[in-house]
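In our numbering, the protein residues as written are 949 to 1346.
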Ligand SMILES: [Fe+2]
């Protein structure tokens, strides 16, 4: 077992100059945490990313490949992250490959050009069908160096001898395409995915140890309550963050009248940006935590298709999702899954994959009630206004 720990290196300079390109919390200051996911073979770097204190972990995975290292889903390269990667390089060889395996995940794309500049000798591989919003610029305009950027499948695949690349999609989502290419890294027996699957448990990620403000902010019931720290408050706040991130507006969450919001705002002790001046436009109903039981595991993470992805990306693409799982379930030696968000690694054997596929196949896919009602209405409106197509798989058929 390797004892590699880069968290001291990562505790210093966390400025991220390009944050206005994708202005999400924690904006220009990106604290990073390191963990060795499979000794000497796979490592994870995590940062927080979110809106209005709804922040969840986003992960870059580093994989040992012949003659060096491969980065998957690059994170904003702060000075401390670059330093930590250079320590890894000294031990395991140069960063020779950087992969963006998703066409749609803007949060994973935004740091790719900056990371490419840090490692000028690396080759970049991107998922086909890249698009940008609000304007669809070519990759070179977005800062991708054209001479060393390759398109996956069209130009081949990186490290084919040691990795198996399994595509989910493409699926037409109106603005562009959803496609992600999972990487099965043979020697570590790990499947590295981006947004298609996540596992969530009840313990807040360690990333919040440095600044638990988002957890404590959402653990309150009214805007006039101070931000009080305790393990219980952190766990309560975490569950609510997960509910927000999963359902956008969970069923047990109501929006109070503006008069109530203002009545509880600007109270002494809360007149600061950190506490958003006491402005707290949320009212959780009494049994709100029952909403979390299907998605937040108590003892171990619950593996799932994130509800927001399931209802807004895959609502009419269950067949494609099952096909993707069918391809994965052929891998006899698989031991774990490493998603780009929430908990990692998660135990995932061939048997787990078969069970998970059966669960999905025999359960309701287009859920419209309870926690799902807001996402259902959103999808219905997008469909009605023809923002998303009724047959999302036909568009990309050759
Ligand atoms: Fe993502």
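Glycine included, C-beta positions come from ideal geometry on N, C-alpha and C.
Spatial distance of residue i from residue j (CA atoms)
{"i": "residue 1330", "j": "residue 961", "result": "42 angstroms"}
{"i": "residue 1341", "j": "residue 1128", "result": "14 angstroms"}
{"i": "residue 1032", "j": "residue 1261", "result": "35 angstroms"}
{"i": "residue 1118", "j": "residue 1175", "result": "44 angstroms"}
{"i": "residue 1197", "j": "residue 1238", "result": "15 angstroms"}
{"i": "residue 1062", "j": "residue 1024", "result": "7 angstroms"}
{"i": "residue 1255", "j": "residue 1191", "result": "10 angstroms"}
{"i": "residue 1011", "j": "residue 1316", "result": "39 angstroms"}
{"i": "residue 1056", "j": "residue 1050", "result": "8 angstroms"}
{"i": "residue 1326", "j": "residue 1339", "result": "17 angstroms"}
{"i": "residue 1177", "j": "residue 1234", "result": "21 angstroms"}
{"i": "residue 1324", "j": "residue 1275", "result": "29 angstroms"}
Closer than 7 angstroms: residue i CB and nearest ligand 1 heavy atom
{"i": "residue 1291", "result": "no"}
{"i": "residue 1133", "result": "no"}
{"i": "residue 994", "result": "no"}
{"i": "residue 1102", "result": "no"}
{"i": "residue 1303", "result": "no"}
{"i": "residue 1056", "result": "yes"}
{"i": "residue 1097", "result": "no"}
{"i": "residue 1124", "result": "no"}
{"i": "residue 1288", "result": "yes"}
{"i": "residue 1143", "result": "yes"}
{"i": "residue 1053", "result": "yes"}
When the options are compared against residue i, the one with the closest alpha-carbon
{"i": "residue 938", "options": "1236, 1169 and 1280", "result": "Nothing about residue 938 can be reported from this structure: the residues present for the chain run from 949 to 1346 only."}
{"i": "residue 1077", "options": "1125, 1102, 1231 and 1035", "result": "1125"}
{"i": "residue 1053", "options": "1107, 1275, 1270 and 1123", "result": "1123"}
{"i": "residue 1194", "options": "1253, 1230 and 1155", "result": "1253"}
{"i": "residue 1288", "options": "1146, 1327, 1179 and 963", "result": "1146"}
{"i": "residue 1281", "options": "982, 1299 and 1272", "result": "1299"}
{"i": "residue 1065", "options": "1279, 1306 and 1030", "result": "1030"}
{"i": "residue 1283", "options": "1271, 1231, 1258 and 1133", "result": "1133"}
{"i": "residue 992", "options": "1263, 1189, 1278 and 1142", "result": "1142"}
Burial state of residue i, where buried means 16 or more other Cβ atoms lie within 10 Å
{"i": "residue 997", "result": "buried"}
{"i": "residue 1242", "result": "exposed"}
{"i": "residue 1144", "result": "buried"}
{"i": "residue 1022", "result": "buried"}
{"i": "residue 1155", "result": "buried"}
{"i": "residue 1068", "result": "exposed"}
{"i": "residue 954", "result": "buried"}
{"i": "residue 1314", "result": "exposed"}
{"i": "residue 1267", "result": "exposed"}
{"i": "residue 1106", "result": "buried"}
{"i": "residue 1158", "result": "exposed"}
task: Assess, as a yes-or-no matter, whether the segment 1280-1295 is touched by the segment 1005-1019 under the definition of 3 or more beta carbon pairs within less than 8 angstroms.
output: Segments in contact, yes.
message: For the pair the segment 1136-1150 and the segment 1168-1175, tell me if three or more CB-CB distances fall below 8 angstroms.
response: Not touching, per the Cβ criterion.
task: Inspect the CB distances between the segment 1007-1020 and the segment 1041-1061 and report whether three or more fall short of 8 angstroms.
output: Yes, the segment 1007-1020 touches the segment 1041-1061.
field: Inter-stretch contact (C-beta, 8 angstroms, three-pair minimum) for the segment 1084-1100 and the segment 1300-1316
entry: Taking a cut-off of 8 angstroms on C-beta distances, the segment 1084-1100 does not touch the segment 1300-1316, as fewer than three cross pairs fall below it.
- request: For the segment 1182-1193 and the segment 1147-1165, state whether three or more C-beta atom pairs, one from each stretch, are separated by less than 8 angstroms.
  value: Look at the beta carbons and you see the segment 1182-1193 touching the segment 1147-1165: at least three pairs across the two are nearer than 8 angstroms.
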